[in-house]
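Novice: Mind having a look at this structure? Questions to follow.
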Amino acid sequence: MQKHHEKSVIYDRPLIYRPDLAGKPQILHVDKSLLIISKPSGLLSVPGKAEGHKVCVESVLADDYPDARIVHRLDLATSGVMVLARRKPAQRHLGLQFERRHMTKTYIARVWGDVPAAAGHIDLPVRCDWPNRPVQMIDAEKGKRALTNFKVLEIKRGISRLRLTPITGRSHQLRLHMLSIGHPILGDQLYAPNEAYRAVGRLQLHAETLSLYHPDGGARMTFEAPCEF
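The sequence shown begins at 0 in numbering that gives the first Met the number 0 and counts up by one.
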């Protein structure tokens with residue numbers, strides 16, 4: 000692992016949470032144990048601490064699926080496929096799958112600049128920048144190991160479209176890893192320099208697929224949420 004230590008770059012971009020503009024999650028699959036959705040960009044996965052940040056995936060789904068419980072999170076601005084558990088045994092089963100890396104996920108991202116390699120692997124450790132949380136940072140000494148594979152799908156007019164496969168699941172891992180190789184994700188409020196941030200109207204990061212073992216019977220299943228950008 001290469002030695003790498005970065006100081007956080009903090010951009011003064013205050014968050015205005017408008018969940019009413021995000022839309023409702025799309026239902027991709029439902030059964031007695033699972034609820035698979037496509038989360039829209041702009042909706043919190045779980046409630047925030049601020050009074051105006053209580054609307055989230057669970058609360059929006061509560062009328063139709065009061066038993067659905069969060070198993071993992073997507074960042075506020077990230078869209079795409081998420082799994083919720085509808086029973087406690089399923090919640091435990093899915094939680095263990097995440098812990099043991101039995102679940103696999105792929106993301107689509109549009110990043111600033113022409114990525115020179117057709118594919119690659121990033122191995123840079125991540126930790127929280129506590130004085131500036133929720134900002135995360137890369138830190139070779141104190142960070143937890145974070146691994147990401149990437150493949151270039153298209154390069155057009157100085158913007159690269161990638162498929163990202165996180166091997167680990169650190170907070171903001173994909174956003175930091177793309178920044179670390181000089182190709183920040185477009186529209187990233189926390190990490191993208193101004194030109195890349197202002198180039199688009201939302202974070203260009205989408206959870207495209209999620210593969211898991213069904214809690215009832217163990218069948219391997221893959222769910223896909225088509226990317227809208």
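Where a beta carbon is used, it is the ideal one built from N, C-alpha and C, also for glycine.
All values reported here derive from a predicted model rather than from experimental measurement.
How should LYS38 be labelled, buried or exposed, when 16 other C-beta atoms within 10 angstroms of its C-beta is the threshold for buried?
Specialist: So LYS38 ends up on the buried side.
Novice: Starting from VAL80, follow its DSSP beta bridges and name the residues at the other end.
Specialist: Bridge partners of VAL80: SER37.
Novice: Excluding the 5 residues preceding and the 5 following LEU14 in the sequence, name in chain order all residues of the same chain whose CB lies nearer than 6 Å to its CB.
Specialist: Excluding residues within five positions, none has a Cβ falling inside 6 Å.
Novice: In whole angstroms, give me the CA-to-CA distance for VAL199 and GLY142.
Specialist: Whole-angstrom Cα-Cα distance: 31 Å.
Novice: Does the contact criterion of 3 or more C-beta pairs under 8 Å hold for the stretch 94 to 104 versus the stretch 205 to 212?
Specialist: Yes, the stretch 94 to 104 is in contact with the stretch 205 to 212.
Novice: Quick check: what's the CA-CA separation for SER170 versus GLY157?
Specialist: For SER170 and GLY157, the distance between alpha carbons rounds to 27 Å.
Novice: What is the DSSP secondary structure of LEU211, reduced to helix, strand or coil?
Specialist: Strand.
Novice: Is LYS87 helix, strand or coil when you go by DSSP?
Specialist: Correct three-state label for LYS87: helix.
Novice: Near MET0, which residues of its chain fall below 6 Å by C-beta distance, leaving aside the five closest residues on each side in sequence?
Specialist: With a pLDDT of 37 at MET0, under the threshold of 50, the modelled position of this residue cannot be trusted, and the question is left open.
Novice: For THR221, does the count of other Cβ atoms within 10 angstroms reach 16, so buried, or fall short, so exposed?
Specialist: Answer is exposed; the Cβ neighbour count stays below 16.
Novice: Suppose only complete runs of 3+ residues qualify. What are the beta strand (DSSP E) ranges in the stretch 155 to 199, listed by chain order?
Specialist: Listed in chain order, they are 158 to 165.
Novice: Going by DSSP, what residues sit across from GLY119 in a beta bridge?
Specialist: Partner(s): PHE149.
Novice: To the nearest angstrom, report how far apart PHE228 and GLN90 are at their CA atoms.
Specialist: Their backbone Cα atoms lie some 31 Å apart in a straight line.
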